[in-house]
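Undergrad: Before anything else, here's the structure in question.
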Amino acid sequence: GPVWLHNVGCTGTDDNLIDCLQYSYLTRSLPSYCSRGHSQDAGVVCSEVPLDIKVRLSGGTDPAEGRVEVYYNNTWGTVCPTGWDLRDAHVICKMLGYLYAVESQSLDFYRLYGISSSKVRWLNNVQCNGLETNITECLHDGWFEHSCQY
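Here the sequence shown stands for residues 1109 to 1258, where the numbers follow my numbering.
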């Protein structure tokens, strides 16, 4: 089949491939290497983590605050606070239907919200840019990879 897009430049926040900037379409002239068949076709490897991850806040004085807990693999677990900042908190708040986070708790948060009854620590070193809509879109050390000491 034809090469439909060339030099596609997505930002990572695009919802659809068509939203990305394209250098050329089929109707424009393509570079010579695009006419060599499909040896230069793009590929992708998708994350195996499902996007239906659930989050909740526990131990707070109202529903808009608390210890972050993540439901993954049929189990509620927590997030280690290493590297946790306001950008990470923004993503959690958006997942819960809030506009944005006003504060991020990372040091001694267990004194504020108590220690989780779950012994599972799902994520560590979460690094969101704040534009993600789901914590699974953020960089982290991997599921169940952590060095939490609590």
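No residue lacks a Cβ here, since even glycine has one placed at the ideal position from N, Cα and C. Quick caveat, the model's predicted, so the values are computed rather than measured.
Give me the Cα-Cα distance between Gly1168 and Gly1174, rounded to the nearest whole angstrom.
TA: Counted from its first residue, the sequence shown places residue 1168 at position 60. Counted from its first residue, the sequence shown places residue 1174 at position 66. Taking the straight line from one Cα to the other gives about 4 Å.
Undergrad: If you draw a straight line from the C-alpha of Asp1149 to the C-alpha of Leu1239, how long is it?
TA: For the purposes of this step, residue 1149 is taken as the residue at position 41 of the sequence shown. For the purposes of this step, residue 1239 is taken as the residue at position 131 of the sequence shown. Computed Cα separation, rounded: 29 Å.
Undergrad: Could you compute how far the alpha carbon of Leu1125 sits from the alpha carbon of Gly1117?
TA: As a working mapping, residue 1125 is identified with position 17 in the sequence shown. As a working mapping, residue 1117 is identified with position 9 in the sequence shown. So the alpha carbons of these two residues sit roughly 9 Å apart.
Undergrad: I need the DSSP call for Thr1244, collapsed to helix, strand or coil.
TA: Counted from its first residue, the sequence shown places residue 1244 at position 136. Thr1244: helix per DSSP, three-state reduction.
Undergrad: Kindly indicate which three-state DSSP category Asn1232 falls into: helix, strand or coil?
TA: For the purposes of this step, residue 1232 is taken as the residue at position 124 of the sequence shown. Here Asn1232 sits in coil by DSSP.
Undergrad: Is the separation between the beta-carbon of Leu1194 and that of Ala1209 shorter than 9 Å?
TA: Here the question's residue 1194 lines up with position 86 in the sequence shown. Here the question's residue 1209 lines up with position 101 in the sequence shown. In this structure, Ala1209 lies closer than 9 Å to Leu1194 by Cβ.
Undergrad: Does Val1178 come out as helix, strand or coil in the three-state DSSP assignment?
TA: As a first step, residue 1178 must be located in the sequence shown, where it is residue number 70. Here Val1178 sits in strand by DSSP.
Undergrad: Span of the beta strand (DSSP E) holding Lys1227?
TA: The count along the sequence shown starts at 1 and reaches residue 1227 at position 119. Run containing Lys1227: none; DSSP gives neither H nor E here.
Undergrad: CA-CA distance, Cys1188 and Val1152?
TA: Position 80 of the sequence shown, counted from the first residue, corresponds to residue 1188. Position 44 of the sequence shown, counted from the first residue, corresponds to residue 1152. Each residue's alpha carbon lies about 30 Å from the other.
Undergrad: Which whole-angstrom value describes the C-beta separation of Thr1241 and Ile1161, a residue pair presumed to lie in contact below a C-beta threshold of 8 Å?
TA: Working through the sequence shown from its first residue, we reach residue 1241 at position 133. Working through the sequence shown from its first residue, we reach residue 1161 at position 53. That pair is no contact at about 11 Å.
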